[in-house]
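Residue numbers (the working numbering): 9 to 97. By construction, the Cβ of each residue, glycine as well, lies at the ideal position given by its N, Cα and C atoms. From a predicted model like this one, the values you see are computed outputs, not experimental measurements.
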Amino acid sequence: MATEASDQGYTGKRAAEIAGITYRQLDYWDRTDLVRPSLARATGSGSRRLYSYRDLLELRAVKSLLDAGIRLELVREVFTYLTQHLDED
Numbered sequence: 009m010a011t012e013a014s015d016q017g018y019t020g021k022r023a024a025e026i027a028g029i030t031y032r033q034l035d036y037w038d039r040t041d042l043v044r045p046s047l048a049r050a051t052g053s054g055s056r057r058l059y060s061y062r063d064l065l066e067l068r069a070v071k072s073l074l075d076a077g078i079r080l081e082l083v084r085e086v087f088t089y090l091t092q093h094l095d096e097d
């Protein structure tokens with residue numbers, strides 16, 4: 009199977025598929041600043057979000073926590089804390 013990653017990143021549709029979430033969840037998480045695409049944000053009708061590999065890892069982490077029964081509000085608090093207190097890479 010050929011890799012679907014490109015130098016341009018992953019589209020929103022593909023990122024949702026890989027993360028195992030719906031596109032609606034992906035859209036909501038972006039609009040509420042939980043996990044935003046780091047390569048390109050949607051700026052209007054017809055524009056595309058582009059997610060990096062790191063973004064995909066964050067999406068999977070959020071989904072795993074939700075699947076484990078952690079409330080979205082708590083997941084959001086954890087991600088906010090990590091973003092503020094840990095180095096970028």
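Own chain, CB closer than 7 Å to residue i, minus 5 neighbours either side, in chain order
{"i": "Ala-48", "result": "Arg-56, Arg-57, Leu-58"}
Residue i in three-state terms, based on DSSP
{"i": "Ala-76", "result": "coil"}
{"i": "Thr-11", "result": "Residue confidence is low: Thr-11 scores 46 on pLDDT, short of 50, so the model does not pin down where it sits. No coordinate-derived value is stated."}
For residue i: DSSP bridge partner residues
{"i": "Thr-19", "result": "Leu-58"}
Nearest-angstrom beta carbon gap, residue j and residue i [assumed within contact, 8 Å]
{"i": "Ser-46", "j": "Ser-60", "result": "5 Å"}
{"i": "Val-86", "j": "Glu-66", "result": "Between Glu-66 and Val-86 the Cβ distance is about 11 Å, and since that is not below 8 Å, they are no contact."}
{"i": "Thr-30", "j": "Ala-24", "result": "6 Å"}
Residues of its chain near residue i, where Cβ-Cβ distance is below 8 Å and the 5 sequence neighbours each way are ignored
{"i": "Leu-74", "result": "Leu-80, Val-83"}
{"i": "Thr-88", "result": "none"}
6 Å CB neighbourhood of residue i in its chain, flanking five on each side removed
{"i": "Gly-17", "result": "Leu-47, Leu-58, Tyr-59, Ser-60"}
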